[in-house]
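K.L.:
Let me give you the structure first, and then I'll get to my questions.
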Amino acid sequence: MYVCICNGHSDRDIKKVAQSGLRTARDVYAQLGKPARCGRCLQMAEKLVQEVHESTSQSTVDTRV
Ligand code: FES
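Per the working numbering, the sequence shown starts with residue 145, numbered consecutively.
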């Protein structure tokens with residue numbers, strides 16, 4: 145699904161780059177080589193980035209006691 149119409153960034157593109165450790169949508173867009181333009185997509189993109197880091201941090205929690 146396209147999240148950013150101006151740049152053609154998809155949810156997959158955003159999640160893939162966020163997994164490399166970037167924590168903001170603007171940083172992810174810069175890494176993709178096309179920075180935010182109109183900004184309408186940023187709220188959705190931030191949510192996706194947040195989801196990536198939430199799922200990553202949950203999977204690395206040490207459950208040993
Ligand atoms: S829709 Fe992403 S910058 Fe415009």
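Ideal placement from N, C-alpha and C gives every residue a C-beta, glycine not left out.
#1: Does ligand 1 have even one heavy atom less than 6 Å from the beta-carbon of ALA180?
#2: Taking 7 Å as the threshold (C-beta atoms), are ILE158 and ALA189 in contact?
#3: Measuring straight from C-alpha to C-alpha, what distance separates ASP171 and GLU195?
#4: From what residue to what residue does the alpha helix (DSSP H) around ARG156 run?
#5: Can you tell which of ARG167, TYR146 and ASP155 has its C-alpha closest to the C-alpha of HIS197?
P.N.:
Reading off the structure:
#1: Checking the Cβ of ALA180 against ligand 1 gives yes.
#2: yes
#3: 16 Å
#4: 155-162
#5: Answer by Cα proximity: ARG167.
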